[in-house]
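Asks: Okay, here's the structure, questions in a sec.
Protein chains in written order, with this note's numbering: chain C, 644 to 1042; chain H, 644 to 1042.
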């Protein structure tokens, strides 16, 4: 039975699930000789405690001591109230610092985090920090170091991320729900995008679906769907405009369904009216090669082999794909999309696929004037894989 | 005539507006003795060039040279395509680095940024960085420093932010549009929130409105509305659940209308059914004191005086407000809400209010078991102020 939380619980997962995660992090800390891990990446805070408030714009951390005990959430005093609502931490393990740490230019929230580490008896320990996660700033790290003159600070970026890469059954169940929401969002896109409709109005309908979710479970605020149309389809990270869709143009839509901050990514190219032959050909090649990838992706394969399978297949159709064709996916916040920053499906990445890893397979294909976008999220199973959002696998003709 | 961009332009503002902004930044660089400013905060990239792609999770910067010339956008190669679409920069001033800077653990996007600065002849200069903006990481700064061994790097965090504090007429026009969108979102909340409705379904309707915007102009993906209900109203940064609203409970809704990334914040407390007397009393006191603040907030006043006006007034009603009651607002991205990180309406901040500054006046009031949330965004005018989203000023009773 997966350790899902009871109805009315503060966290989406049962306490046993968080303890399993902490054990994994403590094992990694042990191997690296780290006594105290200062986690600042929002996805890592959520992973270890359930904390999911949008408060990362002021300094905050979850501090994990290797020698046991609860992790400690520390952040701005007003956000301690959030931690009380969305984590199971005891009052001793929720620490708020005063607003002066934000407003006084001489002070910093990281001063309070250093003081906490000293107060808990770790002034002389080895402390891991997330030096390339987007929420630890250089000034923040300086304040942490100045407050811990007898400690040894080391860059342990992605330590927690590598623990996140293998999901539990409970996490997979949440991701299946996110997959259902993603498919509902894509269905809404197909139903909403048409010549003459303003792009922002189609985006509004897609958001509405992604947030309403299904009758059984609601959605959450997802990473912004990327949905350029026409000539803007050459760009990867722009979104809608308030112009109406033009007939005879493509839309490359990449969206994520979001449930308990877990995202399932899903992309399709939609075409307003009959697509040109060159796009049909590119789409057909991509879809056939995706079929080959899907038939073979499973445990024991190395990430680079997945890329190679797809690449050789599309080369057989006269196309190529030199860049990575996916990455490990899971918890996402707007600071860092839904990318886990661990394994990539690309040449040179020898990570071996294991059961319960989840990958967003992203096939952005470009050939002369045509671009075709296709992505799906799969979980690795005992013998193969489980697609989490198996939406219609075709070039979608709309309008 | 405000320098708005022509229809079909790549940027929301005309080129003259961006040049004015750059002049302001160069003056500040001159005063601080900075030759090259490396801007990494997403709002600053947008402010200086129009760049608004959601790509901040990989290293990127806008580099401003004090000695003139266009600023340079530099980031991941695939995002250079975004910069071509949403900025007016020439091809020489858009620089992409290869994906190996992301995937190779020995390399970093900041290596490429250091190389660019060397290539443009600034290897021995004084370089300003944004050391407390959320997108520059400690590892990124180390790579930048290692690539510029003969340069002097100094922390110039918020240099651009302080230029942003006074808006142009064109920016105010965009913020008026954002204000209209914020009010439409609040109206939808009043119409959607009712006993038995799932919180996620109300959130879905609010998002739909915020993104569809008005018939004249669309909205954009805003910072996530904060909308806790019932006992969760003690928290500032949590959002909806998928439970239905209960009759007889409050909802504290803080939302932002978003147009060209400019946000206008707006908050109200809604109550499902008749509110308790204690909440009515608190609301009445807050609204009267807000009226006094609004009657007096204008040019020449210091930020701390605004706080004092409100504080003395609510103290006259038997309540208190010791924490800040607002801050400068403008461009917002999900990395840092819509807070400019400059002036705060609070005791100790002696910034003098000037025409065309914009403030989000935030009055979160807590008394015993009751909480009342009220906020509005105002522009400072020649003689007073202009409320940008003057929604019904009352405790909103719904359902």
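In this text, a Cβ means the ideal position worked out from N, Cα and C, and glycines have one as well.
What you are looking at is a predicted structure, and each value in this text was computed from that prediction instead of being measured.
Look at the alpha carbon of residue 1023/C and the alpha carbon of residue 996/C, and state the distance between them as a whole number of angstroms.
Replies: The straight-line gap from Cα to Cα measures roughly 7 angstroms.
Asks: On the DSSP letters alone, give me the boundaries of the beta strand (DSSP E) that residue 983/C sits inside.
Replies: Where residue 983/C is concerned, the enclosing beta strand (DSSP E) stretches over 982-987.
Asks: Please name the residue, chosen from 874/H, 648/H, 821/H and 988/H, that lies closest to residue 944/H on a Cα-to-Cα basis.
Replies: Of the listed residues, the one whose Cα sits closest to residue 944/H is 988/H.
Asks: Assuming residue 591/C is part of the beta strand (DSSP E), what are its boundary residues?
Replies: The structure shown does not extend to residue 591/C, since chain C spans only 644 to 1042, so no value can be given for it.
Asks: So for residue 954/H, helix, strand or coil by DSSP?
Replies: In this structure, residue 954/H counts as helix in the three-state DSSP scheme.
Asks: In terms of residue numbering, what span does the beta strand (DSSP E) encompassing residue 885/C cover?
Replies: Counting along the chain, residue 885/C falls outside any beta strand (DSSP E), and DSSP gives it neither H nor E.
Asks: Would DSSP call residue 1006/C helix, strand or coil?
Replies: Strand at residue 1006/C.
Asks: May I ask you to list, following chain order, the residues of the segment 768-790 of chain C that have a beta carbon less than 9 angstroms from some beta carbon of chain H?
Replies: Of all residues in the segment 768-790 of chain C, 772, 773, 774, 775, 776, 777, 778, 779, 780, 781, 782, 783, 784 and 785 have a Cβ within less than 9 angstroms of some Cβ in chain H.
Asks: Can you tell me where the beta strand (DSSP E) with residue 770/C in it begins and where it stops?
Replies: Residues 769-772.
Asks: Could you tell me the distance, in whole angstroms, from the CA atom of residue 916/C to the CA atom of residue 651/H?
Replies: When rounded, the distance between both Cα atoms is 24 angstroms.
Asks: Which whole-angstrom value is the C-beta distance of residue 705/C and residue 679/C, which I expect to be below 8 angstroms?
Replies: Their Cβ separation, rounded to whole angstroms, is 11 angstroms, which puts residue 705/C and residue 679/C out of contact at 8 angstroms.
Asks: Are the C-beta atoms of residue 843/H and some chain C residue less than 9 angstroms apart?
Replies: True, the Cβ-Cβ gap to chain C drops below 9 angstroms.
Asks: Examine chain C for any beta-carbon lying closer than 9 angstroms to the beta-carbon of residue 977/H, and answer yes or no.
Replies: Yes, residue 977/H counts as interfacial toward chain C.
Asks: With a cut-off of 9 angstroms, does the C-beta of residue 869/C fall near any C-beta of chain H?
Replies: Chain H, which has a Cβ nearer than 9 angstroms to the Cβ of residue 869/C, makes this yes.
Asks: Within 9 angstroms of any Cβ in chain C, is that where the Cβ of residue 758/H sits?
Replies: No, because no Cβ of chain C sits closer than 9 angstroms to the Cβ of residue 758/H.
Asks: In the DSSP assignment, find the unbroken beta strand (DSSP E) run with residue 971/H in it and report its ends.
Replies: From DSSP, the beta strand (DSSP E) with residue 971/H extends over 969-972.
Asks: With 9 angstroms set as the bound, which would you pick, yes or no: does the beta-carbon of residue 805/C sit closer than that to a beta-carbon of chain H?
Replies: Judged by the 9 angstroms Cβ criterion, residue 805/C is not in contact with chain H.
Asks: Quick check for students: name the residue ranges of the beta strand (DSSP E) that lie wholly in the segment 710-744 of chain C, counting only runs of 3 or more.
Replies: Complete beta strand (DSSP E) runs here, min 3: 715-719 and 737-740.
Asks: Check whether the Cβ of residue 846/H lies closer than 9 angstroms to any Cβ atom in chain C.
Replies: True, the Cβ-Cβ gap to chain C drops below 9 angstroms.
Asks: Would you check if the segment 828-836 of chain H and the segment 687-700 of chain H touch, i.e. whether three or more CB-CB distances between them fall below 8 angstroms?
Replies: With the cut-off at 8 angstroms, the segment 687-700 of chain H and the segment 828-836 of chain H do not touch.
Asks: Taking 9 angstroms as the threshold (beta carbon to beta carbon), is residue 966/H in contact with chain C?
Replies: Closer than 9 angstroms to some Cβ of chain C, the Cβ of residue 966/H qualifies, so yes.
Asks: Give a single yes or no on whether residue 783/C has its beta carbon closer than 8 angstroms to a heavy atom of the ligand NAP.
Replies: Only the bare structure without any ligand can be found here, which leaves the ligand NAP out of the picture.
Asks: Just curious, the alpha helix (DSSP H) that residue 938/C is in, first and last residue?
Replies: Note, residue 938/C: alpha helix (DSSP H), 920-939.
Asks: What does a CB cutoff of less than 8 angstroms around residue 668/C pick up in its chain, not counting 5 residues either side in sequence?
Replies: Cβ neighbours of residue 668/C beyond the five flanking positions: 680, 691, 707, 802, 803 and 806.
Asks: Verify the CB distance criterion: does residue 946/C have a CB-CB separation below 9 angstroms to chain H?
Replies: Output row for residue 946/C: interface = no.
Asks: Would you kindly check if the distance between the Cβ of residue 1039/C and the Cβ of residue 833/C is under 9 angstroms?
Replies: Yes, the Cβ-Cβ distance between residue 833/C and residue 1039/C is below 9 angstroms.
Asks: Given this structure, state the Cα-to-Cα distance separating residue 727/C from residue 697/C, to the nearest angstrom.
Replies: If you take the alpha carbons of residue 727/C and residue 697/C, they lie about 14 angstroms apart.
Asks: Would DSSP call residue 840/C helix, strand or coil?
Replies: DSSP places residue 840/C in coil when its eight states are reduced to three.
Asks: Would residue 659/C be called buried (16 or more neighbouring beta carbons within 10 Å of its own) or exposed?
Replies: That one is exposed.
Asks: Would you report the Cα separation of residue 810/H and residue 752/C, rounded to the nearest angstrom?
Replies: Roughly 30 angstroms separates the two Cα atoms.
Asks: Helix, strand or coil for residue 998/C per DSSP?
Replies: Coil, per DSSP.
Asks: Using the Cα positions of residue 1005/H and residue 688/C, report the straight-line distance between them to the nearest angstrom.
Replies: Computed Cα separation, rounded: 27 angstroms.
Asks: Could you check whether the Cβ of residue 854/C sits closer than 9 angstroms to any Cβ belonging to chain H?
Replies: By this cut-off, residue 854/C is an interface position.
Asks: Against chain H, does residue 795/C count as a neighbour if the rule is that its beta carbon must be under 9 angstroms from one of theirs?
Replies: Not closer than 9 angstroms to any Cβ of chain H, the Cβ of residue 795/C fails to qualify, so no.
Asks: Based on Cα-Cα distance, which residue from 756/H, 780/H, 893/H and 910/H lies nearest to residue 1041/H?
Replies: Among 756/H, 780/H, 893/H and 910/H, the Cα nearest to that of residue 1041/H is on 893/H.
Asks: From which residue to which residue does the beta strand (DSSP E) around residue 814/H run?
Replies: Here residue 814/H belongs to no beta strand (DSSP E); instead the alpha helix (DSSP H) covers 812-835.
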